[in-house]
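Undergrad: Once you've had a glance at the structure underneath, I'll fire off some questions.
Protein chains: 2
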Amino acid sequence: MSREVDIVRAVADLRARVRYWRDQGLAVALVPTMGALHQGHLSLIAQGLEHADRVVASVFVNPTQFGPGEDFERYPRREAEDAALLSGAGCHLLFAPQVTDMYPAGFATTVSVAGLSEGLCGAIRPGHFDGVATVVTKLLLQVRPDFALFGEKDYQQLAVIRRLVRDLDLAVEVIGCPIVREADGLALSSRNAYLTPEQRAVAPALFRALDATAQALAQGGEAAPLTARAVEDLRAAGFDAVDYFELRDAETLAPLDRPTRPARLLAAARLGATRLLDNVAVTAL
Amino acid sequence: MSREVDIVRAVADLRARVRYWRDQGLAVALVPTMGALHQGHLSLIAQGLEHADRVVASVFVNPTQFGPGEDFERYPRREAEDAALLSGAGCHLLFAPQVTDMYPAGFATTVSVAGLSEGLCGAIRPGHFDGVATVVTKLLLQVRPDFALFGEKDYQQLAVIRRLVRDLDLAVEVIGCPIVREADGLALSSRNAYLTPEQRAVAPALFRALDATAQALAQGGEAAPLTARAVEDLRAAGFDAVDYFELRDAETLAPLDRPTRPARLLAAARLGATRLLDNVAVTAL
Chain B
1 MSREVDIVRA VADLRARVRY WRDQGLAVAL VPTMGALHQG HLSLIAQGLE
51 HADRVVASVF VNPTQFGPGE DFERYPRREA EDAALLSGAG CHLLFAPQVT
101 DMYPAGFATT VSVAGLSEGL CGAIRPGHFD GVATVVTKLL LQVRPDFALF
151 GEKDYQQLAV IRRLVRDLDL AVEVIGCPIV READGLALSS RNAYLTPEQR
201 AVAPALFRAL DATAQALAQG GEAAPLTARA VEDLRAAGFD AVDYFELRDA
251 ETLAPLDRPT RPARLLAAAR LGATRLLDNV AVTAL
Chain Z
286 MSREVDIVRA VADLRARVRY WRDQGLAVAL VPTMGALHQG HLSLIAQGLE
336 HADRVVASVF VNPTQFGPGE DFERYPRREA EDAALLSGAG CHLLFAPQVT
386 DMYPAGFATT VSVAGLSEGL CGAIRPGHFD GVATVVTKLL LQVRPDFALF
436 GEKDYQQLAV IRRLVRDLDL AVEVIGCPIV READGLALSS RNAYLTPEQR
486 AVAPALFRAL DATAQALAQG GEAAPLTARA VEDLRAAGFD AVDYFELRDA
536 ETLAPLDRPT RPARLLAAAR LGATRLLDNV AVTAL
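Encoded structure:
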């Protein structure tokens with residue numbers, strides 16, 4: 001039986017715990033999450049344990065990264081289940097702050113990353129990445145970990161975070177972790193819970209389209225016709241809309257015609273009100 | 286004879302020095318400056334030495350806080366003299382980074398503080414406080430001091446920095462230090478060097494106007510007529526323009542009619558192309 005993970009809510013308590021570890025010379029990893037944990041998150045905990053002696057998970061549904069009309073209110077919150085999963089995964093501490101502690105009256109500061117925040121999901125969700133960049137900066141400064149682990153599923157988010165960590169001289173190593181998938185290829189996501197059985201049956205087409213397109217690009221195909229074809233296939237498979245399906249530079253996210261340098265194929269597509277994100281690496285030519 | 290201050294330019298060297306002190310249990314203070322040091326800066330070093338065991342001064346003329354047409358190019362740079370002054374003041378380390386190290390290719394991150402950055406100097410210098418907030422965040426994360434000291438002369442800047450430190454959970458205590466003045470009341474500033482002898486003779490009128498207005502406010506006077514009168518007096522004394530002369534809440538910088546809570550009287554006025562800033566505390570009614 002695994003030890004139960006301790007839960008702290010106040011930054012002062014969090015810091016006291018981390019300081020105690022530091023004083024023992026232990027390395028600390030942070031896994032920031034919005035809760036509703038699944039195997040993707042638990043793989044981040046496992047990889048955190050490979051890099052560090054102690055792993056802190058944060059669970060915070062950050063209001064500032066949700067736009068008007070998005071799913072902030074109905075985003076799944078289930079702390080008891082999350083704590084049990086974290087305990088089973090060997091996580092050492094759960095930091096679960098309150099919104100009013102993260103953003104007290106008078107809060108006025110925003111961290112923003114130009115360029116990287118602007119296209120793809122940034123175009124669909126204005127302000128989203130400012131919310132992400134600000135809360136991640138806060139979490140990194142609250143915990144001050146040696147390592148911070150993020151899933152590649154939110155690939156643009158990972159690029160934004162890598163950039164801000166470098167730009168602001170945050171002394172943390174950012175580790176991007178591979179996407180964890182269902183047996184049929186669907187990328188794990190807390191939002192998959194929103195899907196009806198019919199939508200769930202359609203959902204794996206997104207990964208199949210990414211995978212097939214990536215293979216065609218690696219064989220010398222050009223992005224524009226291949227991605228246009230993928231969008232058509234997704235509509236035919238039952239997706240209600242494809243927000244984007246694009247080949248981008250793996251680091252700068254600049255658009256690419258061909259994978260002439262490290263590249264990523266990124267997509268967002270909707271089933272009803274649910275947006276699914278996914279992406280795959282593309283072998284450079 | 287005082288020991289000569291060591292100079293480091295690379296963040297890695299800076300951090301090695303600070304880590305060495307930390308490992309000995311020594312407290313560290315940072316005094317961020319743009320160089321062209323005067324007695325105001327040296328008073329910050331002295332107050333840093335009162336709070337901490339080791340004092341780091343940074344000298345960096347930050348391009349991102351200068352607007353087009355401002356004095357970035359001609360801002361005085363005299364590192365040898367600065368280093369000598371810092372040595373004499375007992376400063377332990379001078380951090381003097383290059384612009385290309387602070388803002389390498391691809392740099393894209395901005396820290397901004399809404400509200401506090403917007404009026405007063407922020408209205409005259411759009412983007413100025415974003416530049417300040419970003420570079421101060423970087424310096425605080427590069428040095429990771431226990432204390433950071435800033436002069437009250439740049440009072441709005443101090444308010445912006447206090448806010449971002451709180452909002453981003455930076456583990457540093459910000460200490461605002463009293464304005465150092467010439468015998469005739471003129472607040473020390475590196476930009477005073479721009480004044481002609483004639484302008485220099487007019488300059489002390491700014492402090493006299495602030496001081497007289499603060500006294501009238503403390504006796505129950507209303508801000509609007511008193512500050513209007515002060516603006517007239519400054520024009521009559523020889524100032525070419527008064528950018529602002531306002532009573533504000535000491536913390537939020539919200540406009541006030543009377544000093545019903547801790548308040549600050551803030552002014553900016555121009556002599557030719559040179560803008561002088563000054564401010565005084567106002568005794569609350």
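So the sequences go chain by chain: B and Z.
For the first sequence, the working numbering gives the first residue as 1, with consecutive numbering after it.
For the second sequence, the working numbering gives the first residue as 286, with consecutive numbering after it.
Glycine is no exception: its CB is placed at the ideal position from the N, C-alpha and C atoms.
If you compare alpha carbons, which of B:V11, B:D13, B:A52 is closest to G25 (chain B)?
TA: In the first sequence, the residue the question calls residue 25 (chain B) occupies position 25. For G25 (chain B), the nearest C-alpha among the options comes from B:A52.
Undergrad: Report yes or no: is there a C-beta of chain B within less than 8 angstroms of the C-beta of A509 (chain Z)?
TA: The sequence position of residue 509 (chain Z) within the second sequence is 224, counting from 1. It does not; no Cβ of chain B falls within 8 angstroms.
Undergrad: If you reduce the DSSP assignment to three classes, tell me which class V340 (chain Z) lands in.
TA: Looking up residue 340 (chain Z) in the second sequence gives position 55. Reduced to three states, the DSSP call for V340 (chain Z) is strand.
Undergrad: Take L44 (chain B) and list the residues in its own chain whose beta-carbon comes closer than 7 angstroms to its own, dropping the five residues that flank it on each side.
TA: Residue numbering aside, residue 44 (chain B) sits at position 44 when the first sequence is read from its first letter. Taken in chain order, the residues that qualify are V31, L149, G151, C177.
Undergrad: Hey, is G220 (chain B)'s beta-carbon within less than 8 angstroms of any beta-carbon in chain Z?
TA: Position 220 of the first sequence, counting from 1, holds the residue named residue 220 (chain B). By this cut-off, G220 (chain B) is not an interface position.
Undergrad: Cutting at 6 angstroms between CB atoms, please list the residues of its own chain near F72 (chain B), excluding the five before and the five after it.
TA: As a position in the first sequence, residue 72 (chain B) is number 72, starting the count at 1. If we look at F72 (chain B) and ignore the five residues flanking it on each side, its Cβ neighbours are P63, F66.
Undergrad: By DSSP, does F150 (chain B) sit in helix, in strand, or in coil?
TA: On the first sequence, position 150 is the one that residue 150 (chain B) refers to. Looking at F150 (chain B) - three-state DSSP - the assignment turns out to be strand.
Undergrad: Apart from the five residues on each side of it in sequence, which residues of its chain come closer than 6 angstroms, Cβ to Cβ, to A509 (chain Z)?
TA: As a working note, residue 509 (chain Z) is residue 224 in the second sequence. Contacts found: none.
Undergrad: Beta strand (DSSP E) containing V174 (chain B): first to last residue?
TA: Sequence index remark: in the first sequence, residue 174 (chain B) carries index 174 (1-based). Start and end: 173 to 177.
Undergrad: Counting only C-beta atoms, is T274 (chain B) closer than 8 angstroms to chain Z at any point?
TA: In the first sequence, counting from the first residue as 1, residue 274 (chain B) sits at position 274. Chain Z contact via Cβ: absent.
Undergrad: Is there a Cβ of chain B sitting closer than 8 angstroms to that of Q383 (chain Z), yes or no?
TA: Along the second sequence, one-based indexing puts residue 383 (chain Z) at 98. No, Q383 (chain Z) does not count as interfacial toward chain B.
Undergrad: Under the rule that 16 or more other beta-carbon atoms within 10 Å means buried, what is Y155 (chain B), buried or exposed?
TA: Residue mapping note: residue 155 (chain B) aligns to position 155 of the first sequence, counting from 1. Per the 10 Å Cβ criterion, buried.
Undergrad: With C-beta atoms as the reference, is V294 (chain Z) less than 8 angstroms away from Q383 (chain Z)?
TA: Within the second sequence, the letter at position 9 stands for residue 294 (chain Z). Within the second sequence, the letter at position 98 stands for residue 383 (chain Z). According to the sequence shown, residue 294 (chain Z) is Arg rather than Val. In contact: R294 (chain Z) and Q383 (chain Z) (Cβ atoms closer than 8 angstroms).
Undergrad: Give me the chain B residues within the contact set of Q427 (chain Z), using Cβ-Cβ distance strictly less than 8 angstroms, ordered along the chain.
TA: For this step, residue 427 (chain Z) is matched to residue 142 along the second sequence. What Q427 (chain Z) touches in chain B: D169.
Undergrad: Among Z:V445, Z:V516, Z:P544, which has the Cα closest to the Cα of E403 (chain Z)?
TA: Stepping through the second sequence from its first residue, residue 403 (chain Z) is reached at position 118. The residue with the shortest Cα to Cα distance from E403 (chain Z) is Z:V445.
Undergrad: Could you name the residues of the same chain whose beta carbon sits closer than 6 angstroms to that of V296 (chain Z), not counting the 5 residues immediately before and after it, in chain order?
TA: Walking along the second sequence from the start, residue 296 (chain Z) turns up at place 11. Within the same chain, V296 (chain Z) has close Cβ partners Q427.
Undergrad: Taking C-beta to C-beta, are L247 (chain B) and L217 (chain B) nearer than 8 angstroms?
TA: The count along the first sequence starts at 1 and reaches residue 247 (chain B) at position 247. The count along the first sequence starts at 1 and reaches residue 217 (chain B) at position 217. Yes, Cβ-Cβ distance for L247 (chain B) and L217 (chain B) is below 8 angstroms.
Undergrad: Mapping DSSP to helix, strand and coil, what is T559 (chain Z)?
TA: For the purposes of this step, residue 559 (chain Z) is taken as the residue at position 274 of the second sequence. Three-state DSSP puts T559 (chain Z) in a strand.
Undergrad: Within 10 angstroms of its Cβ, does R359 (chain Z) collect 16 or more other Cβ (buried), or is it exposed?
TA: What you label residue 359 (chain Z) is simply residue 74 of the second sequence in a count that begins at 1. R359 (chain Z) is exposed by the Cβ-count criterion.
Undergrad: Let's test the definition: count the other Cβ atoms within 10 Å of the Cβ of T33 (chain B) and tell me whether it reaches 16, buried, or not, exposed.
TA: In the first sequence, counting from the first residue as 1, residue 33 (chain B) sits at position 33. The residue in question, T33 (chain B), is buried, as its Cβ has 16 or more Cβ neighbours within 10 Å.
Undergrad: Suppose you measure from the CA of R270 (chain B) to the CA of T260 (chain B); what does that come to, to the nearest Å?
TA: The residue you call residue 270 (chain B) lines up with position 270 of the first sequence. The residue you call residue 260 (chain B) lines up with position 260 of the first sequence. If you take the alpha carbons of R270 (chain B) and T260 (chain B), they lie about 29 angstroms apart.
Undergrad: Check the Cβ of L116 (chain B) against every Cβ in chain Z and list those closer than 7 angstroms, keeping chain order.
TA: To locate residue 116 (chain B), count along the first sequence from 1; it is residue 116. Here the neighbours are A393.
Undergrad: Between A566 (chain Z) and R448 (chain Z), what straight-line distance do the alpha-carbon atoms span, to the nearest angstrom?
TA: To locate residue 566 (chain Z), count along the second sequence from 1; it is residue 281. To locate residue 448 (chain Z), count along the second sequence from 1; it is residue 163. Rounded to whole angstroms, A566 (chain Z) to R448 (chain Z) spans 19 angstroms at the Cα level.
Undergrad: What do you reckon, are the CB atoms on A284 (chain B) and P262 (chain B) nearer than 8 angstroms?
TA: By one-based count along the first sequence, residue 284 (chain B) stands at place 284. By one-based count along the first sequence, residue 262 (chain B) stands at place 262. Yes, Cβ-Cβ distance for A284 (chain B) and P262 (chain B) is below 8 angstroms.
Undergrad: Taking the CB atoms as reference points, tell me whether T252 (chain B) and R191 (chain B) lie closer together than 8 angstroms.
TA: Within the first sequence, numbered from 1, the residue matching residue 252 (chain B) stands at position 252. Within the first sequence, numbered from 1, the residue matching residue 191 (chain B) stands at position 191. No, these two residues do not count as a Cβ contact at 8 angstroms.
Undergrad: At least one CB of chain B closer than 8 angstroms to the CB of V527 (chain Z): is that the case?
TA: Taking the second sequence and counting its residues from 1, the one referred to as residue 527 (chain Z) is at position 242. By this cut-off, V527 (chain Z) is not an interface position.
Undergrad: Determine the direct distance from the alpha carbon of E222 (chain B) to that of L256 (chain B), and round the result to whole angstroms.
TA: To locate residue 256 (chain B), count along the first sequence from 1; it is residue 256. To locate residue 222 (chain B), count along the first sequence from 1; it is residue 222. Straight-line Cα distance between these residues: approximately 9 angstroms.
Undergrad: May I ask you to list, following chain order, the residues of the segment 146 to 164 of chain B that have a beta carbon less than 8 angstroms from some beta carbon of chain Z?
TA: Listed by position along the chain: R163, L164.
Undergrad: Does the distance from the C-beta atom of A254 (chain B) to that of T395 (chain Z) stay below 8 angstroms?
TA: Here residue 254 (chain B) refers to the residue found at position 254 of the first sequence. Here residue 395 (chain Z) refers to the residue found at position 110 of the second sequence. Contact flag unset, no.
Undergrad: Counting contacts by CB-CB distance shorter than 8 angstroms, is S397 (chain Z) in contact with chain B?
TA: Counting from one through the second sequence, the residue named residue 397 (chain Z) turns up at place 112. Yes, because at least one Cβ of chain B sits closer than 8 angstroms to the Cβ of S397 (chain Z).
Undergrad: Flag this pair as yes or no: are the beta carbons of D146 (chain B) and A27 (chain B) separated by less than 8 angstroms?
TA: Reading the first sequence from its first residue, position 146 is the one you call residue 146 (chain B). Reading the first sequence from its first residue, position 27 is the one you call residue 27 (chain B). Yes; because the gap between Cβ atoms is below 8 angstroms, this pair is in contact.
Undergrad: Please report whether the beta-carbon of V296 (chain Z) lies at a distance below 8 angstroms from any beta-carbon of chain B.
TA: Counting from one through the second sequence, the residue named residue 296 (chain Z) turns up at place 11. By this cut-off, V296 (chain Z) is an interface position.
Undergrad: Is F207 (chain B) helix, strand or coil when you go by DSSP?
TA: Within the first sequence, residue 207 (chain B) is the residue found at index 207, counting from 1. Helix at F207 (chain B).
Undergrad: Closer than 7 angstroms by beta-carbon distance: list the chain Z residues that pair up with T137 (chain B), in chain order.
TA: Taking the first sequence and counting its residues from 1, the one referred to as residue 137 (chain B) is at position 137. The contacting residues are L453.
Undergrad: What are the uninterrupted segments assigned as beta strand (DSSP E) that are 3 or more residues long and contained completely in the segment 298 to 326 of chain Z, given in chain order?
TA: Within the segment 298 to 326 of chain Z, the complete beta strand (DSSP E) runs of at least 3 residues are 313 to 318.
Undergrad: Report the residue from Z:D454, Z:T422, Z:V516 whose alpha carbon sits nearest the alpha carbon of Q442 (chain Z).
TA: If you number the second sequence from 1, residue 442 (chain Z) lands on position 157. Here the closest residue by C-alpha is Z:T422.
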